[in-house]
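Read through the structure below, which is laid out as structure tokens, and then see the notes.
In UniProt numbering, the protein residues as written are 1 to 107.
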């Protein structure tokens, strides 16, 4: 796994105070589509680590953050920049579709 995990105790430092854009993958271990999109996000992290940071947040272990960001279905991915949500992507998608969604950040 290339994408590192974040949690409620590291959220401020990892996401809100981050220098560049951060994609947070809201996921759970029991979620099949989450397990499908995970390796794709790892590839995107490996290929574009200079432009975008990819983090994973387990919603079962961090329910307060999931509630705060209104995560009602997973996988849900949110791009944060300067502490604010700039983009939301819902559902598992193939790599090319995710790269299109993230073109503004990795293009």
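A virtual CB, placed ideally from N, CA and C, is assigned to each residue, including glycine.
All figures in this text were calculated on a predicted structure; none of them were measured in a lab.
In the DSSP assignment, what residue or residues form a beta bridge with residue 57? 26, per the DSSP bridge assignment.
Beta-carbon gap between residue 37 and residue 92 smaller than 8 angstroms: Between residue 37 and residue 92, the CB-CB gap stays under 8 angstroms.
Status (buried if at least 16 other CB within 10 Å, exposed otherwise) for residue 14: Burial of residue 14 is indicated by the presence of at least 16 other C-beta atoms within 10 angstroms of its C-beta.
Three-state secondary structure assigned by DSSP to residue 78: Strand at residue 78.
Using the Cβ count rule (16 or more neighbours within 10 Å means buried), how would you classify residue 51? Here residue 51 is exposed. Its C-beta has fewer than 16 other C-beta atoms within 10 Å.
Under 8 angstroms between C-beta atoms of residue 106 and residue 48: Contact flag set, yes.
Residue range of the unbroken beta strand (DSSP E) whose run includes residue 90: 84 to 90 is the extent of the beta strand (DSSP E) around residue 90.
Is residue 5 helix, strand or coil by DSSP? Residue state, collapsed to three classes: strand.
Quick check: what's the CA-CA separation for residue 84 versus residue 16? Answer to the nearest angstrom: the Cα atoms are 7 angstroms apart.
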